[in-house]
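Heads up, this note's numbering is the position in the sequence shown plus 309, with the first residue counted as 1. Ideal Cβ placement from N, Cα and C applies to all residues, glycine included. Heads up, the thing below is written out as structure tokens.
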Amino acid sequence: MANKFPSLDDLIRLSISRPVHWLAGEDQGWRTVHWAVTSIEEAQAGDVLLLPASHLSREVINQAKERGVSGILLSGEISLPEEFHPGDLAVAAIAAPHSDLREIHRQMLTILIDQRSALMERGVGIHARLSQLEAEGMGLGGLAQAMAEISGKGVLIQDKRGRVLAECPAADLLSSWEDILQQLGPLESLPETLIDRKRAGVPGTIVVQTISGELERLIAPIIVGEIARGYLSLVGLNGELDALDRLVTEQGGLVCAVEMARNKAIREAEKRLKGDLLTALLQDILSPRDARLWVQSMGLDLTQAHVALRFAWDGPSPPSRRRLETLVNGEITRLGLLAIVSPMEAEVICFCQVNPGVKRPDAALLLGEAVLEQGKRENLNMIGRCGVGTVAPALEEWLTSLRQAGQALEMARRLGERKPLYYSDLSVYRLLMQMEHSPELTSFQEETLGPLLLSESDRELIHTLEAYFANNGNLSKTAEALFIHRNTLIYRMGRIAAITDLDLDNPENRLALQLALRIYRMTGKKPD
Numbered sequence: 310m311a312n313k314f315p316s317l318d319d320l321i322r323l324s325i326s327r328p329v330h331w332l333a334g335e336d337q338g339w340r341t342v343h344w345a346v347t348s349i350e351e352a353q354a355g356d357v358l359l360l361p362a363s364h365l366s367r368e369v370i371n372q373a374k375e376r377g378v379s380g381i382l383l384s385g386e387i388s389l390p391e392e393f394h395p396g397d398l399a400v401a402a403i404a405a406p407h408s409d410l411r412e413i414h415r416q417m418l419t420i421l422i423d424q425r426s427a428l429m430e431r432g433v434g435i436h437a438r439l440s441q442l443e444a445e446g447m448g449l450g451g452l453a454q455a456m457a458e459i460s461g462k463g464v465l466i467q468d469k470r471g472r473v474l475a476e477c478p479a480a481d482l483l484s485s486w487e488d489i490l491q492q493l494g495p496l497e498s499l500p501e502t503l504i505d506r507k508r509a510g511v512p513g514t515i516v517v518q519t520i521s522g523e524l525e526r527l528i529a530p531i532i533v534g535e536i537a538r539g540y541l542s543l544v545g546l547n548g549e550l551d552a553l554d555r556l557v558t559e560q561g562g563l564v565c566a567v568e569m570a571r572n573k574a575i576r577e578a579e580k581r582l583k584g585d586l587l588t589a590l591l592q593d594i595l596s597p598r599d600a601r602l603w604v605q606s607m608g609l610d611l612t613q614a615h616v617a618l619r620f621a622w623d624g625p626s627p628p629s630r631r632r633l634e635t636l637v638n639g640e641i642t643r644l645g646l647l648a649i650v651s652p653m654e655a656e657v658i659c660f661c662q663v664n665p666g667v668k669r670p671d672a673a674l675l676l677g678e679a680v681l682e683q684g685k686r687e688n689l690n691m692i693g694r695c696g697v698g699t700v701a702p703a704l705e706e707w708l709t710s711l712r713q714a715g716q717a718l719e720m721a722r723r724l725g726e727r728k729p730l731y732y733s734d735l736s737v738y739r740l741l742m743q744m745e746h747s748p749e750l751t752s753f754q755e756e757t758l759g760p761l762l763l764s765e766s767d768r769e770l771i772h773t774l775e776a777y778f779a780n781n782g783n784l785s786k787t788a789e790a791l792f793i794h795r796n797t798l799i800y801r802m803g804r805i806a807a808i809t810d811l812d813l814d815n816p817e818n819r820l821a822l823q824l825a826l827r828i829y830r831m832t833g834k835k836p837d
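Okay, here's the thing in structure tokens:
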């Protein structure tokens, strides 16, 4: 709309919020419009003629063509005259009563006289419509659909990680919409100016971005609390995004921000309630009846089983616990799991609902792995750890599962485990942890492994011995795993036998060395 006079397409899009049905001359929408009239007698070249559908006749069409009218807009029930031959004349119709035609006429005149004021007025109308939907609880899905209806473009609403929260494809993008979603999913697809969420938190920011497939998009950050909490995109063919699309993007971003802020407030309230519940359960201050009622009010099904997970950062200067809590909640939502989450000192604890009767809680382990992977992607220099307890079929067993998850988390720290560590997989470590502070345990490790730990090549030989046991004593497989020649391995095994003064062919000695290695991995202690 940079020209002095708008095109017929632009004028109709900016003045009419209802769907428009083209009866003829849709390809003539490029014609400029000078004025809007409501009778054929007033029509001049370049005008658009607004009529009730019942007034359309062959005579009117012929006169409109003779006068050089840019197009005709009809309202009401359509009944085309016999021998309807408009030629190059553009004829469009809307399903609206005749009374609405007067308001459309006023809107068109406002646009033709003062385009800036007309755009502001249309923006207010769009904001009012979207706000009404938000107030009615239609959610982001309802907002996306409304924006697609107003603009005729594809609409995509994403969270701060690029995950799709709502989307509505345009009719002309249906066949390629899945490809578009894949292309726009990663955060790397964002324009550089929007990747930093704090820098992007400037009200009114709208960026045009060309994307593959001869497409482009208008993208606006959804700003809550001076930071981008998500992104709104309108996607269309190259060169087809116009002033109306900008209005929809601008006003849509504002209303989406209100909806996201409301959802965030609800989630925070729910998290506080869930956190209070877990605290009460851990402190054992609830009667069984009260505990059951509270758990059920949180949306959990006590006929199902639950599994405790405990998460923590590992290393100096870790990200905040709140960041970890956000990661856990985000992955729970993404995976569609039912769980309650609460911070506990430096950890984040979680009880995840699983099917009763399962021997191994794969859903909980998948959640743990997803959180650690997402944490690694977002915090490249920081490592997360996760411990998972066994399945608790009843509420009374939650504390047991939580303690087990704590032991698994501690072992994950000590062993440097990058994946969730399941309590049942701890094997002999479960026994060793109970004896950790026993002098006999320390004495056993020093007697069995001490000479090897004190040798100059202790790290290489310990690594070799661990690989040897991991491959069940098979020399060929061990050499392959260590990327060394078989003769080199035989030499190392000979040194280990000499330093420890143990015959590795003796099963009792091999068992003693394996136990000593596990004690060393658990405690990390070398002989004094």
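- With contacts defined as CB atoms closer than 8 Å, L382 and V357 qualify as a contacting pair.
- The three-state reading of DSSP puts E445 in coil, since its state is none of H, G, I, E or B.
- Non-local C-beta neighbours of E634 in its own chain, meaning closer than 7 Å and more than five positions away in sequence, comprise V650, P652, V657, ordered along the chain.
- Shown here, Q467 sits in a strand according to DSSP, grouped into three states.
- Closest in alpha carbon position to L674, among A714, A402, E769, E749, is A714.
- Sorting E726, K685, P597 by C-alpha distance to the C-alpha of P628 places K685 at the top.
- Put simply, the backbone Cα of L541 is about 9 Å away from that of A453.
- Relative to the Cα of D319, the nearest Cα in the group L550, S521, E654 belongs to L550.
- Nearest C-alpha to Q518 among L758, R508, L493, P597: L493.
- In this structure, DSSP gives E350 a helical state, which the three-state scheme calls helix.
- Taking the Cα positions, A402 is about 27 Å away from G561.
- For L718, same chain residues with a beta-carbon under 8 Å away, outside a window of 5 residues either side, are R619, F620, A621, E656, R694, C695, G696, L730 in chain order.
- Separation of P597 and D671 (C-alpha to C-alpha, rounded to the nearest whole angstrom) is 28 Å.
- E476 sits in a strand when the DSSP states are folded into three classes.
- Of all alpha-carbon atoms in M569, H330, Q605, T757, the one lying nearest the alpha-carbon of E443 is that of M569.
- Across the structure, L708 and Q662 are spaced so that their CA atoms are roughly 15 Å apart.
- Shown here for R508: not one same chain residue has a beta carbon closer than 6 Å to its own, the five before and five after excluded.
- Boundaries for I575: no beta strand (DSSP E) harbours it, while the alpha helix (DSSP H) harbouring it runs 552-592, taken from the DSSP string.
- Leaving aside the five residues that flank R322 on each side, the residues in its chain whose CB is nearer than 6 Å to its CB run, in chain order, L553.
- Under the three-state reduction of DSSP, A790 is assigned to helix.
- The Cβ atoms of R830 and R723 lie closer than 8 Å to each other.
- Taking the Cα of E559 as reference, the smallest distance to any Cα among G698, S521, T797, G434 is reached at G434.
- Excluding the 5 residues flanking it on each side, S521 has same chain C-beta neighbours closer than 7 Å at Q492, in chain order.
- Straight through space, the alpha carbons of S460 and H436 are spaced by roughly 13 Å.
- Judged by DSSP in its simplified three-state form, I515 adopts coil rather than helix or strand.
- In the three-state DSSP reduction, V667 falls in the coil class, being neither helix nor strand.
- With fewer than 16 other Cβ atoms from the protein chains shown falling within 10 Å of its own Cβ, V667 counts as exposed.
- Residue S384 holds the alpha-carbon nearest to the alpha-carbon of D409 among G725, V737, S384, L798.
- For P478, the closest C-alpha among the options E756, L774, L546, R795 is that of L546.
- Annotated three-state conformation of V604 is helix, per DSSP.
- Taking C-beta atoms as the reference points, A589 and L582 fail to come closer than 8 Å.
- The beta carbon of S366 lies closer than 6 Å to those of P390 in the same chain, with the five residues before and after it left out.
- Checking the DSSP bridge columns, you'll see G539 partnered with D468, I531.
- Fully enclosed beta strand (DSSP E) runs of no fewer than 3 residues occupy 380-384, 399-403 of the region 375-438, in order along the chain.
- With a cutoff of 8 Å on beta-carbon distance, L421 and W344 are scored as near each other.
- If the five residues before and after I808 are omitted, its C-beta is found closer than 6 Å to the C-beta atoms of P760, L761, S764, all from its own chain and listed in chain order.
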